[in-house]
Amino acid sequence: MVFTPPKESYTGKVYSVTIGIPPNTITFGGENILPFHSFEGSYPNRPVIAYEIQDVPPDDWPDTIREVYKDVSSNPVEWAMFCQDKLNAKAIALRLIGTHPDRENRTPEEAAQTVRDVISSINVPLIILGSNNTEKDAPVLIAASEAAKDRNCLIGKAQEANYKTIAAAAMANNHKLIAMSELDINLSKQLNILITQMGFDKEKIVIDPMCSALGYGLEYTYSVMERIRLAALTQNDQTMQQPMLGDVGIYVWKVKEAIAQEGDVPQWGSLRERGIVWEATTAMALLLAGAELLIMRHPEAVAIVEKAIDELIR
Amino acid sequence: MNIAPDNQRKELVMLIIGEKLSIIAKRVREAISKRDKQPIQDIAISQWKSGAGMIDANIGPAEDEGEALMEWMVTTIQEVVPLPVCLDTTNYKAIEAGLKVHNNQWGKPMINSTSNDPERYNMLELAAKYKARIIGLTVGRGGLPADAEERASIAAEIMARATEYGVPLEDLYLDPLVLQISTSQDHALKVIQAIKMFQELNDPPMKTVVGLSNVSNGCPKNLRPIINNYFLALLMYEGLTAAIADPHEIMPTVKTIDVILGKTLYAHSYLEIT
């Protein structure tokens, strides 16, 4: 007897989101199936991996990852061009971490200047991230949105405490928006509802359910993403049909396994390999949970994940 | 007026058939007698916007001019609302006239209704011929069913007739006949039990429908929405597929029960989502 694999059909569909300016746009989402279930339906867009850079030198990044960018990372423009030209980045995520009050405390105007400098030197789409200080992110992301007006960037992260100003800025300057909640599916849905009730187009939102690294709560992120996607596809919940973001690098490159020296934990093997594999494994798990957009740091980790995607969608 | 199919609406787990276009209502009766489209369309739009997935057009027995009247009702409704219509009359010719002009682009029409009375089998012919959905009221010639078991046994008869006439069982909606709680209190529970039993008559489960507001017919006006909503909650728990009801009145219950049963993801603003 011939085995026929059972196929599910789904009532809902994930919105597709396009960022960037023609001809250099990139689109993710748009599928009506669970991740990589291409035998069950339509999977029009490959997941996208963006390279993370930041507005100030990465003094807080571990050596494994700083080494890659050591010649360019003192200047965000050179760093961005390196990612685009040498690493073939499909998109670049500029994190304005230097605006954080506990860091360099850069002003919104300084952040806007960095955005202008970076965006005028690259062609690939730009993702603009605040420092995740909800109070400071509001003025910073308003200034950044204006600096990148009409460049169709992805701006974030809008959270419960600051979504009104950030969503309004994204709307006024024609950007897409990241809506982030902290590992709570009901609050994630609520935030999407609140943002759309402002008149923001629900098809211009990307959900960030909050990332976590392998070994440090990844299963929570995984479950929330999985449940969001099931609501979108099986319950046709139109408030949950946005693509999802996995902000991987920032969570991975601070955990013990990615930074502990070989002399301290010889049984763990090569520090360099450990970090790369930790980032790739975390990223892969989130793709399987439903993420369509990843922000990553190490080119070798990106290469591993891109290869795995190739094999899964072949 | 240019309208598009209502694809944006979330497919509600339960189908609400808007009940407000009934000849029993004075405003509707007057509009019908003057062939005044405006009040009919206002009511239809209001039912659609508040969550109805289908509009019931109840023209009564309509012995005179039934065909012209049903045609007028269906086209008047579908001019402004992208939903299918539930054709509610005992007049066979009026039903057929309505089916002929019905715009199936917006969903299959529904015939209200057939039963286990041989005089009503001709409605099954129409359902088969026009590929319409049809309500099977679980009454026969012998009067009202005594309990849930009798309702289920009549349902099985109707299912057999439907199959005989070529109506697919997924187009048949079994109606246990809701009675007034003020005069037939014990039937409220029997109806709930029947909803459960009907589904067990087939795999996939049979679809079910009730004329909800009949439960509170004859009750004081202030009690009616209370009784309707709590009764609906219990019926939904048993898996009710559709209700002929006023969406304005029942929407919070429908949404809340969907959340409680895990069919919709909870968010603080869940009542505000259409």
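Respectively, the protein sequence lines represent chains A and B.
Our numbering numbers the first residue of the first sequence as 244 and each following residue consecutively.
Our numbering numbers the first residue of the second sequence as 113 and each following residue consecutively.
Beta carbons: idealized from backbone N, C-alpha and C, even for Gly.
Please read all numbers here as calculations on a predicted model, not as lab measurements.
Item                                                                                                                                                                                 : Value
Looking only at its own chain, which residues have a Cβ that is under 6 Å from the Cβ of Arg149 (chain B), when we skip the five neighbours before and after it?                     : Correcting the residue identity first, residue 149 (chain B) is Lys in this sequence and not Arg. Same-chain partners within the cutoff: Thr188.
Compare the Cα-Cα distances from Asn366 (chain A) to each of A:Lys419, A:Val320, A:Ala410 and A:Leu536 and report the closest residue.                                               : A:Val320
Residues in the same chain with beta-carbon distance under 7 Å from Arg232 (chain B), minus the five sequence neighbours each way, listed in chain order, please.                    : Thr226
Distance check for Ile398 (chain A) and Pro509 (chain A), CA to CA, integer angstroms please.                                                                                        : 41 Å
Please report the residue range of the alpha helix (DSSP H) in which Gly272 (chain A) lies.                                                                                          : Taken as a continuous stretch (DSSP letters only), Gly272 (chain A) belongs to no alpha helix (DSSP H), being part of the beta strand (DSSP E) at Ile269 to Gly272.
Please decide whether Ile385 (chain B) counts as near chain A, where near means a Cβ-Cβ distance under 8 Å.                                                                          : yes
Need the endpoints of the alpha helix (DSSP H) that Val545 (chain A) sits in, please.                                                                                                : Pro542 to Ile556
Could you tell me which of B:Gly130, B:Ser325 and B:Val366 sits nearest to Gln153 (chain B), measuring between CA atoms?                                                             : B:Gly130
Counting contacts by CB-CB distance shorter than 8 Å, is Leu377 (chain B) in contact with chain A?                                                                                   : yes
Under 8 Å between beta-carbons, which chain A residues line up against Ser381 (chain B)? List them in chain order, please.                                                           : Gln433, Ile436, Leu437 and Gln440
Would you kindly check if the distance between the Cβ of Gly219 (chain B) and the Cβ of Met185 (chain B) is under 8 Å?                                                               : no
Look at Leu461 (chain A) and Ala528 (chain A) and say whether their C-beta atoms are less than 8 Å apart.                                                                            : yes
Tell me whether the beta-carbon of Ile421 (chain A) lies closer than 8 Å to the beta-carbon of Lys400 (chain A).                                                                     : yes
Excluding the 5 residues preceding and the 5 following Gly284 (chain A) in the sequence, name in chain order all residues of the same chain whose CB lies nearer than 6 Å to its CB. : Asn275 and Ile276
List, in order along the chain, the chain B residues whose C-beta lies closer than 9 Å to that of Ala474 (chain A)?                                                                  : Thr376 and Leu377
Tell me, please, which residues DSSP counts as bridged to Lys329 (chain A).                                                                                                          : Note: Lys329 (chain A) sits in no beta bridge, so no partner.
In chain order, which alpha helix (DSSP H) runs of at least 4 residues are fully inside the segment 411-460 of chain A?                                                              : 428-440
To the nearest angstrom, how far is it from the Cα of Ala137 (chain B) to the Cα of Ala143 (chain B)?                                                                                : 10 Å
State whether the segment 466-480 of chain A contacts the segment 514-525 of chain A, with contact taken as three or more CB pairs (one from each stretch) at a distance under 8 Å.  : no
8 Å is my cut-off, CB to CB: does Met468 (chain A) come that close to chain B?                                                                                                       : no
The alpha helix (DSSP H) spanning Leu531 (chain A) covers which residue range?                                                                                                       : Leu514 to Ala532
Could you work out which residues of chain B lie near Ile237 (chain A), taking near to mean beta carbons separated by less than 7 Å?                                                 : No information on residue 237 (chain A) is available, as it lies outside the stretch 244 to 557 that chain A covers here.
Looking at the structure shown, is Asp154 (chain B) part of a helix, part of a strand, or coil, going by DSSP?                                                                       : helix
With a CB to CB cut of under 8 Å and the five nearest residues on each side skipped, what residues in its chain are close to Ala268 (chain B)?                                       : Leu313
Against chain B, does Thr482 (chain A) count as a neighbour if the rule is that its beta carbon must be under 8 Å from one of theirs?                                                : yes
Suppose only complete runs of 3+ residues qualify. What are the beta strand (DSSP E) ranges in the segment 311-367 of chain A, listed by chain order?                                : 335-338
In the DSSP assignment, the alpha helix (DSSP H) including Arg336 (chain B) goes from what residue to what residue?                                                                  : Arg336 to Tyr349
Using 8 Å as the limit for Cβ to Cβ distance, is Gln478 (chain A) near chain B?                                                                                                      : yes
The alpha helix (DSSP H) with Gln484 (chain A) in it runs from where to where?                                                                                                       : It is not in any alpha helix (DSSP H) - Gln484 (chain A) carries neither H nor E in the DSSP assignment.
Could you spell out the range, first to last residue, of the alpha helix (DSSP H) harbouring Glu269 (chain B)?                                                                       : Ala260 to Tyr277
For Met483 (chain A) and Ser431 (chain A), what's the separation of their Cα atoms in angstroms?                                                                                     : 8 Å
Using only CA atoms, which one of A:Gln297, A:Val315 and A:Pro344 lies nearest to Leu337 (chain A)?                                                                                  : A:Gln297
According to the neighbour-count rule (16 or more other Cβ atoms, all chains shown, within 10 Å of its Cβ), is Gln478 (chain A) buried or exposed?                                   : buried
Would the segment 446-458 of chain A and the segment 346-364 of chain B be scored as touching if the rule is three or more Cβ pairs under 8 Å?                                       : no
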